[in-house]
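One line per chain: the protein sequences are A and B, in this order.
Counting from 1 along the first sequence, just add 13 to a position and that's the residue number in my numbering.
Counting from 1 along the second sequence, just add 50 to a position and that's the residue number in my numbering.
Beta carbons are placed, not taken as given, at the ideal position from N, Cα and C, and that holds for glycine.
The structure presented is a predicted model; accordingly, all values stated were derived computationally and were not measured.
Scroll down for the structure; my scribbles are underneath it.
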Amino acid sequence: MPSNEFIPELHDIGKLVDKKKIQSENSKLVWDGHVFYNFDFSNIGISKPISPSWWGQYHHFKIDNIKLPDWENEIDPKYRYNLFLLKLSDHLASSTSRATIEKGKKEASNNVYKLWNTNQNIKYEFPFNSFESLKNLFEEVNNCTSSKDFLNKYNESLKLIPEDKSAPINITSLSTHLNLVGKIYRILEKNTEFGNDKIIYNDIEGQVIRDIEGSRKTDDENNKEKGLWQARFLKCKVKYNHSFVRLQDVNLINKRNSIINDMLQRNPDEILFYSDDFLVLFLPLGHQEGLIFKELTNENFFIEIDETVADLGILSTILDNKVNNARQDTSSIRYEVLKSRDTKVFKKYLYGDTSHLKIYQLCEICQSQNAKPVKKDNVTDWICDKCFNVRKMGVPFIEYATTWERESVDVCWFKIEINQTKLIEWLKSSFTDYIKFLDIKGEINGRKISDVLIDEFRPLAVQIDFNNEFDNLVSELKQELGINSDFTWPINHYKLTGVFKYSYENFSNVIDQYIKLHDKFFPDCVSDINSPISLSLSIANIKYPLREHFRYFDSEVKNFLNISKTNVFDENYSKDNIKIIKRICENKGSSSFLHKLTQLSVKFSSDIHLSVEVFNNRSKNQELFELIAKGVKPNKILNIFKLYKEGSNG
Amino acid sequence: MDSIELIELSLEIESVIIGERFKGGVFRPCLNILPSSTIKGALFHFFGINSPAVGFFIEDTYQFDEISYSIHDKALHSAKMPLFSSYLKPKYKSTKIQAQIYLPINEQSKKLREYKGESIQIGALKSKGFGKSKIIDIEEINSEIKQGNLKVSIFEDETEYYKINQISPIFGFLFKPDIFRINGEYIRALQPGSIVNAPSVIIKEETFYDEL
Numbered sequence: 014m015p016s017n018e019f020i021p022e023l024h025d026i027g028k029l030v031d032k033k034k035i036q037s038e039n040s041k042l043v044w045d046g047h048v049f050y051n052f053d054f055s056n057i058g059i060s061k062p063i064s065p066s067w068w069g070q071y072h073h074f075k076i077d078n079i080k081l082p083d084w085e086n087e088i089d090p091k092y093r094y095n096l097f098l099l100k101l102s103d104h105l106a107s108s109t110s111r112a113t114i115e116k117g118k119k120e121a122s123n124n125v126y127k128l129w130n131t132n133q134n135i136k137y138e139f140p141f142n143s144f145e146s147l148k149n150l151f152e153e154v155n156n157c158t159s160s161k162d163f164l165n166k167y168n169e170s171l172k173l174i175p176e177d178k179s180a181p182i183n184i185t186s187l188s189t190h191l192n193l194v195g196k197i198y199r200i201l202e203k204n205t206e207f208g209n210d211k212i213i214y215n216d217i218e219g220q221v222i223r224d225i226e227g228s229r230k231t232d233d234e235n236n237k238e239k240g241l242w243q244a245r246f247l248k249c250k251v252k253y254n255h256s257f258v259r260l261q262d263v264n265l266i267n268k269r270n271s272i273i274n275d276m277l278q279r280n281p282d283e284i285l286f287y288s289d290d291f292l293v294l295f296l297p298l299g300h301q302e303g304l305i306f307k308e309l310t311n312e313n314f315f316i317e318i319d320e321t322v323a324d325l326g327i328l329s330t331i332l333d334n335k336v337n338n339a340r341q342d343t344s345s346i347r348y349e350v351l352k353s354r355d356t357k358v359f360k361k362y363l364y365g366d367t368s369h370l371k372i373y374q375l376c377e378i379c380q381s382q383n384a385k386p387v388k389k390d391n392v393t394d395w396i397c398d399k400c401f402n403v404r405k406m407g408v409p410f411i412e413y414a415t416t417w418e419r420e421s422v423d424v425c426w427f428k429i430e431i432n433q434t435k436l437i438e439w440l441k442s443s444f445t446d447y448i449k450f451l452d453i454k455g456e457i458n459g460r461k462i463s464d465v466l467i468d469e470f471r472p473l474a475v476q477i478d479f480n481n482e483f484d485n486l487v488s489e490l491k492q493e494l495g496i497n498s499d500f501t502w503p504i505n506h507y508k509l510t511g512v513f514k515y516s517y518e519n520f521s522n523v524i525d526q527y528i529k530l531h532d533k534f535f536p537d538c539v540s541d542i543n544s545p546i547s548l549s550l551s552i553a554n555i556k557y558p559l560r561e562h563f564r565y566f567d568s569e570v571k572n573f574l575n576i577s578k579t580n581v582f583d584e585n586y587s588k589d590n591i592k593i594i595k596r597i598c599e600n601k602g603s604s605s606f607l608h609k610l611t612q613l614s615v616k617f618s619s620d621i622h623l624s625v626e627v628f629n630n631r632s633k634n635q636e637l638f639e640l641i642a643k644g645v646k647p648n649k650i651l652n653i654f655k656l657y658k659e660g661s662n663g
Numbered sequence: 051m052d053s054i055e056l057i058e059l060s061l062e063i064e065s066v067i068i069g070e071r072f073k074g075g076v077f078r079p080c081l082n083i084l085p086s087s088t089i090k091g092a093l094f095h096f097f098g099i100n101s102p103a104v105g106f107f108i109e110d111t112y113q114f115d116e117i118s119y120s121i122h123d124k125a126l127h128s129a130k131m132p133l134f135s136s137y138l139k140p141k142y143k144s145t146k147i148q149a150q151i152y153l154p155i156n157e158q159s160k161k162l163r164e165y166k167g168e169s170i171q172i173g174a175l176k177s178k179g180f181g182k183s184k185i186i187d188i189e190e191i192n193s194e195i196k197q198g199n200l201k202v203s204i205f206e207d208e209t210e211y212y213k214i215n216q217i218s219p220i221f222g223f224l225f226k227p228d229i230f231r232i233n234g235e236y237i238r239a240l241q242p243g244s245i246v247n248a249p250s251v252i253i254k255e256e257t258f259y260d261e262l
């Protein structure tokens, strides 16, 4: 039974076809690229699909500069509205401008070119790889009634197939691209009306895609052509001021995750992407984002929002950086272009209304509500109702507060996370390197195509793929470490933060597993102070305040690996350095020299003396000398050695 | 360009505890910001000056450390269970923590000129020697009003004295004593990170956001 639904995600279903194989079996089966609008259905003995989704096959038609009523006659007028919105969505979801890409693309391979794992080459089968399967493809187009069903059914293939086989837009998975197209499409559909051959959004009528988007560039005088429609990207960070006093307070993270999951159910399209405490929203003008976040702000979270309002032709999740940079030089062309196109960037903080509050006792935990006394173990905590409800969620890991506390063990809290700001910076620089590697020739409007491609890079889709890969790393890390009963993840369903009974063996195992999995999933991703991924380890006696562990996790400056041993040291390490340092420290041959250096460090507390000692003994300790020569401070090495020695002395 | 005249105090501090309330009965965390309420309280206590005041510790001049101490139980002639407190100490040997304080120019704040070289104490555990500070410099400065993220915390009702205009505020609460300085209440205050138009000396970095 043909579907009545227009499923935008089906527009690229042709990319799931092994065209080479099918055409080698039957050369009569021809079609244009990955779309079937000119396919001869008599060659396979079926009729052309008649569902609304069929018209998604026309999404590459050159109709951007043509009024909707004047489009080619073969495009059914009943579905021109859907196709119109699909094209707008496809442009917004793409990793770079489609127009420039046509001039600059190069043939590549069938795989997604992952900027963080460039040599990955996974062999896969296309879901539609035979004459018979083509019939199934058209049945899918005709009968599919649900985006979700389609994406789930072909999930494994969609993750492996690139958005486009041509470089440089082969850097995103088709799965992520289709998800974005679908969400943006449905937001536009909810907020537009169609009538009299015109589409109305925010009281503004439009008939031509190009007029609605405006120019797609911002870098020269010719790009001042303003679009008719504007929309908003919001990059949102969910934050809290809470101090965790008792273990139950950590349930706050559980609460946050649960509320965000509810938000996703209620706003599945508005929320383009989320990861832990970070969300990206696509909203039309006039939509109150406060309503989306109301439950979070009611529970004393606050939301930091970076919002960009811009013409659809130039809207991207990094446009705010371009705007802020341009505004530092008001004589620049880009500044003029962005200003003339009424581009705006806002920084907003959303939180519950506190203007009416009279506070005589401030809650110790959230510092933003009136508190009541709560007595426990002869200690009175002053906490508000909301924080008390968080405590009532129970002790997340009872052994911590009972058995471990009785044993007075040393513990190590750990947190693995992505810094989305560093990720964007790295993706931009990595994409630039990729473009240079491709050596794309040619110019467009007097500028090198390669420069234009770099300038027009939209990292959202790649950012999502990176985060998905990171989820895989975290899951595997939990699997590897979870075998050991000393490890636990006290926050329900939350794999990013855990705790273990400290021993050098456990500590070393966490680092080794982290490095091994980072090498597996992100071998080409930067792994120093610019690393988007970081692991932080905070070691202390179990009686040490929980708050201080979490305050350490909130530090702004993070390296690939960050280690704090309370009142002893606080160091950070790149991947290369920690690999070498561990090797040196765990090597029995270096032990006596490192022991000597440790004694010298107590005597001289000066890096210079230690460096000179290493220099004088460089022939026997070459690797150590090379590290010091690179600028690694001796105490960075000795701190790891001391942990190792304490561990081996039992 | 709009600007404002302010009095700038430069402080050198040996070590300090800007404490939050005790957590779990045994641990007092320390902040690395100078709340407006702390500075105002100290200036009133030592010099009788009642004026809005904001300030911050200069980055890279301090680091966190901890001490443990216990309260003496006079009845039992013994020490009670030890308490721990986080505190700030100089980052490098033979240096001191640096802080800057800013006051609007008014009849009260002008009296500060007499107190260059004087010592005050701020924060908690003064009896244990924490908080000893010296005013090493006082001068009048002119500061341009710019958009940026605030480096200080300030009572919401005192922002006008600094020509602060809120663009995207982050609110918290600071303690304001009553006129008898026995009790008081928590009043809404702008926190560091708020996006404002303000004197550039109390802004971390200039920003270029549109205003709602």
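Buried or exposed (CB count within 10 angstroms, at least 16 for buried), residue i
i         : result
Asn338(A) : exposed
Leu440(A) : buried
Leu304(A) : exposed
Asn590(A) : buried
Gly98(B)  : exposed
Val581(A) : exposed
Glu420(A) : exposed
Pro386(A) : exposed
Leu262(B) : exposed
Tyr236(B) : buried
Strand pairing of residue i, partner residues [DSSP]
i         : result
Lys161(A) : Answer by DSSP bridge pairing: none, since Lys161(A) is not bridged.
Glu317(A) : Lys250(A), Tyr362(A)
Tyr94(A)  : BP columns for Tyr94(A) are empty, so no partner.
Cys80(B)  : Gly69(B)
Ala248(B) : Lys196(B)
Arg347(A) : Paired residues: none, contrary to the question.
Trp426(A) : Val512(A), Ser551(A)
Of the listed residues the options, nearest to residue i (C-alpha basis)
i         : options                                    : result
Ser516(A) : Tyr657(A), Asp25(A), Leu466(A)             : Tyr657(A)
Val487(A) : Lys61(A), Asn39(A), Gly511(A), Phe470(A)   : Gly511(A)
Val165(A) : Lys268(A), Leu23(A), Lys91(A), Phe306(A)   : First, the amino acid is wrong: residue 165(A) is Asn here, not Val. Ranking Lys268(A), Leu23(A), Lys91(A), Phe306(A) by Cα distance to Asn165(A) puts Leu23(A) first.
Lys435(A) : Glu420(A), Ser544(A), Leu375(A), Ala384(A) : Ser544(A)
Leu296(A) : Phe139(A), Asp324(A), Asp390(A), Ile546(A) : Asp324(A)
Ile191(B) : Lys160(B), Glu168(B), Ile232(B), Asp115(B) : Lys160(B)
Leu451(A) : Gly459(A), Asp464(A), Arg460(A)            : Asp464(A)
Asn280(A) : Gln301(A), Lys268(A), Leu260(A)            : Gln301(A)
Ile217(B) : Phe359(A), Arg347(A), Ile576(A), Arg259(A) : Phe359(A)
Ile186(B) : Ser60(B), Ile54(B), Tyr142(B)              : Ser60(B)
Thr356(A) : His369(A), Ile378(A), Ile327(A)            : Ile327(A)
Arg223(A) : Thr205(A), Asn156(A), Trp242(A)            : Trp242(A)
Beta carbon of residue i nearer than 8 Å to that of residue j
i         : j         : result
Asp423(A) : Ala244(A) : no
Leu607(A) : Leu623(A) : no
Phe520(A) : Cys425(A) : yes
Asn124(A) : Asn134(A) : yes
Leu490(A) : Tyr447(A) : no
Ser578(A) : Ile653(A) : Note on identity: in this sequence residue 578(A) is Lys, with Ser being the wrong assignment. No, these two residues do not count as a Cβ contact at 8 Å.
Ser65(B)  : Leu138(B) : yes
Ser353(A) : Lys237(A) : yes
Ser108(A) : Ala474(A) : yes
Gln433(A) : Phe291(A) : yes
Contact between the stretch 66-73 of chain A and the stretch 96-109 of chain A is defined here as three or more beta-carbon pairs at a separation below 8 Å; is this criterion met?
yes
At least 3 beta-carbon pairs within less than 8 Å: the stretch 300-320 of chain A vs the stretch 356-367 of chain A
Yes: at least three Cβ pairs fall under 8 Å.
Counting pairs of beta carbons, one from the stretch 219-233 of chain B and one from the stretch 81-94 of chain B, are three or more of them closer than 8 Å?
Contact holds: three or more Cβ-Cβ distances are below 8 Å.
Counting Cβ pairs closer than 8 Å, one from the stretch 240-257 of chain B and one from the stretch 189-204 of chain B, do we hit at least three?
With a cut-off of 8 Å, the stretch 189-204 of chain B and the stretch 240-257 of chain B count as touching, because enough Cβ pairs lie within range.
Does the count of Cβ pairs from the stretch 258-265 of chain A and the stretch 402-416 of chain A closer than 8 Å reach three?
yes
Stretch-stretch touch, CB-based, cutoff 8 Å, three pairs: the stretch 50-66 of chain A with the stretch 136-153 of chain A
Touching, yes, given that three or more Cβ pairs across the two stretches are closer than 8 Å.
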